[in-house]
Each structure stands twice: as C-alpha cells, then as structure tokens.
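Residue numbers (the numbering used here): 127 to 356.
Built from N, CA and C at the ideal position, the CB exists for glycine as well.
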Amino acid sequence: MERLLPGLADQPRLGRAGLRALIGVCVLAALATGWFLLQARPEPEPPPTLQAQASPVPAAAGADPAPSPRTAAASPAPDVTVHVGGDVRSPGLVTLPAGSRVADAVEEAGGLTRDAEPGTLNLARPLVDGEQVLVGAPAPAPPAAGPAPGGAPGPAGAPGTPIDLNTATVGQLQELPGVGPVLAERIAAHRTENGGFSAVEQLRDVSGIGEQRYADIAELVHVAGTPGRA
127 MERLLPGLAD QPRLGRAGLR ALIGVCVLAA LATGWFLLQA RPEPEPPPTL QAQASPVPAA
187 AGADPAPSPR TAAASPAPDV TVHVGGDVRS PGLVTLPAGS RVADAVEEAG GLTRDAEPGT
247 LNLARPLVDG EQVLVGAPAP APPAAGPAPG GAPGPAGAPG TPIDLNTATV GQLQELPGVG
307 PVLAERIAAH RTENGGFSAV EQLRDVSGIG EQRYADIAEL VHVAGTPGRA
C-alpha cells in the first residue's frame with residue numbers, strides 16, 4: 127500500500143489537538159453563519175390596528191340644527207315699566223323685573239297711603255309693560271241709560287255730569303276716583319253733621335281727602351242742591 131501511495135506516508139498525521147481546533151473552527155463558522163442569517167431576515171410588520179372614528183350622524187331632513195352652548199341658555203326677560211297712581215305714597219313710573227305683580231308695583235311706589243282703599247284692584251295680577259295701575263280707582267261703571275222719554279235729564283253722576291255733593295247718594299259718591307265705601311260714608315256724614323256743603327273746597331275737611339285726592343275729584347263735583355239723605 128505504501129508502495130502504491132508513496133506520498134501518503136509522507137503526510138503528517140493530525141493529532142488530537144489539531145482535531146479539536148478544527149472542530150472549534152467549524153462550530154464558530156456555523157454560529158457566525160446562523161447569526162448572520164438571523165440579522166439579515168426582515169422583521170415581521172405588526173398587523174394594522176383598526177381605529178374607530180365616530181362619524182357624525184346626518185340630521186334628519188327639515189330638522190333644526192342643535193343650538194350651540196352659547197345660544198342654548200335662555201336670554202333674560204326684559205324689565206317692565208308701569209305707571210302707578212292713585213292712593214300710593216310716591217306715584218309715578220316704576221321699573222320692575224319681568225313677572226312682577228301689581229303688589230310689587232304698589233310697594234315700589236312707596237306702598238299704600240294711610241286711607242287707601244284698593245277696592246277691586248287685583249294685587250296678584252302680573253304686570254304688563256306700559257300699563258297704568260291706579261290704586262283706589264272704582265270699578266268701571268256700566269254704561270248709562272239713554273235719556274228718558276220727553277227729554278228728561280239723566281240722574282246725577284251720569285258720565286260728563288258733575289256730582290252734586292249735597293244730593294248725591296253714597297253709591298254715586300263711590301263713582302268718584304279714589305272714593306270707596308268708607309270715604310263715601312265719611313263725605314255723607316260730614317254733609318249731615320254740617321248741614322250740607324256750601325263750597326267744593328269743604329271736601330278738604332273730610333278725613334281721608336288729601337290734596338292729591340281733592341285735585342282728582344274737584345272738577346267732578348259741584349254744590350247746587352239742598353242737602354239730602356245718603
């Protein structure tokens with residue numbers, strides 16, 4: 127055999143140390159190749175995430191758009207201004223919040239006078255801007271009947287006819303502005319105690335008739351007849 131392969135005998139034999147070294151080199155080469163392949167492989171991309179987007183709900187046809195927060199709040203109602211007159215301490219114009227009532231207007235005008243007679247005035251009625259509130263004014267009288275046949279004049283106290291202080295009844299006296307049942311009785315009692323009125327100015331002597339009330343009724347009365355019974 128050595129003759130057939132003369133050069134083989136000349137080759138040095140690989141020892142154990144060389145074999146170990148060769149194995150180590152092969153292992154390192156395999157590790158290096160594996161690491162390179164791992165680095166070269168592309169990383170998988172994460173699956174896309176679905177993001178829900180809230181789409182606006184279309185408004186129904188003909189529906190009004192929703193009000194904005196600024197316009198949603200109701201605007202405050204305007205104030206009301208009324209004229210308060212009659213039996214109040216400070217007659218004149220007063221301004222009050224919307225929704226106020228007649229009692230609030232009377233209180234704003236100083237309240238009722240000492241001899242005030244609200245009469246048929248509804249203190250709980252809501253106020254209306256621009257109206258006039260008269261305290262102590264009598265309720266509207268029914269329309270007077272036409273003249274009697276033959277042209278006879280109507281009774282005393284008919285619209286446009288001054289009331290005679292000496293012949294008027296208590297009911298006729300109550301037709302005067304600011305004169306209620308109590309004050310009408312006082313006028314009749316004063317007439318009886320003093321033998322009648324000789325002048326309209328004597329109304330000032332009746333308790334409960336001040337300068338303002340006298341000015342309201344002076345043009346609506348006169349003195350002509352003989353004192354009569356109330």
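Need the endpoints of the alpha helix (DSSP H) that residue i sits in, please.
{"i": "Val228", "result": "Val228 to Glu234"}
{"i": "Gly150", "result": "Arg142 to Ala166"}
{"i": "Gln338", "result": "Glu337 to Ile343"}
{"i": "Thr318", "result": "Pro307 to Glu319"}
Please state the DSSP three-state secondary structure of residue i.
{"i": "Leu260", "result": "strand"}
{"i": "Val220", "result": "strand"}
{"i": "Thr295", "result": "coil"}
{"i": "Asp88", "result": "The shown model of the chain, from 127 to 356, leaves out residue 88, and the question about it has no answer."}
{"i": "Leu253", "result": "coil"}
{"i": "Leu247", "result": "coil"}
{"i": "Asp331", "result": "helix"}
{"i": "Val326", "result": "helix"}
{"i": "Leu238", "result": "strand"}
{"i": "Gly225", "result": "coil"}
{"i": "Gly212", "result": "strand"}
{"i": "Ala284", "result": "With a pLDDT of only 48 at Ala284, under the threshold of 50, the placement of this residue in the model should not be trusted; the figure read from the coordinates follows. The answer is coil: DSSP assigns Ala284 none of H, G, I, E or B."}
By the 10 Å Cβ neighbour count, where 16 or more other Cβ atoms means buried, how is residue i classified, buried or exposed?
{"i": "Gln165", "result": "exposed"}
{"i": "Arg339", "result": "buried"}
{"i": "Thr159", "result": "exposed"}
{"i": "Leu302", "result": "buried"}
{"i": "Gly224", "result": "It is worth fixing the name first, because residue 224 is Ala in this sequence and not Gly. Its Cβ having fewer than 16 others within 10 Å, Ala224 is exposed."}
{"i": "Val153", "result": "exposed"}
{"i": "Leu163", "result": "exposed"}
{"i": "Glu157", "result": "Looking at the sequence shown, residue 157 is not Glu but Leu. Exposed."}
{"i": "Thr221", "result": "exposed"}
{"i": "Val151", "result": "exposed"}
{"i": "Asp331", "result": "exposed"}
{"i": "Ala250", "result": "exposed"}
Bridge partners for residue i per DSSP, in chain order?
{"i": "Asp290", "result": "His348"}
Exercise. Would the stretch 200-220 and the stretch 239-255 be scored as touching if the rule is three or more Cβ pairs under 8 Å?
Worked result: In short, these stretches touch, since the Cβ pair count reaches three.
For this session: Specify whether the stretch 297-316 and the stretch 236-251 touch according to this definition: at least 3 beta carbon pairs, one from each stretch, less than 8 Å apart.
Result: Touching, yes.
For this session: Determine contact between the stretch 310-325 and the stretch 210-228, defined as no fewer than three beta-carbon pairs at a distance below 8 Å.
Result: No, the stretch 310-325 does not touch the stretch 210-228.
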